[in-house]
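Numbers in this note's numbering are just positions in the sequence shown, counted from 1, shifted up by 853. Cβ atoms here follow ideal geometry from the backbone N, Cα and C, with glycine treated the same way. Have a look at the structure below before the remarks.
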Amino acid sequence: MDCPDPAYRNPKKAVALIEHAIALDVEHPRYLIVLALAYFRSGNLEKAVVTQRQALESPKFPPGYCEEATAQLREYERVAAQEALKS
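Right, dumping it as structure tokens:
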């Protein structure tokens, strides 16, 4: 999903794969972070924001990642707001 070569990126496939992983194991909020990024990369900005918030609100979210995950959330919100203004 974050491969430097765009020829190898497939956000829709990434969404399907991480949704499957979450269905198999719902106890890992880090999976939600990956899902939020996949939504973001595929242009589903609202779902990216909601999913990133879900991850951050999880009591099992690793505290060491909160700052980075919050920064990602702010970026998703910023881009979503810009897109909303275009509509």
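- Around the CB of residue 868, 16 or more other CB atoms lie within 10 Å, so the residue is classed as buried.
- Of the candidates 903, 874, 913 and 940, the residue whose Cα lies closest to the Cα of residue 928 is 903.
- Under the DSSP assignment, residue 893 falls in the alpha helix (DSSP H) whose first and last residues are 882 to 894.
- Cα atoms of residue 878 and residue 897: separation of roughly 23 Å, rounded to the nearest angstrom.
- If you look at residue 924, you'll find it in the alpha helix (DSSP H) that goes 919 to 939.
- For residue 857, there is no enclosing alpha helix (DSSP H), as DSSP marks it with neither H nor E.
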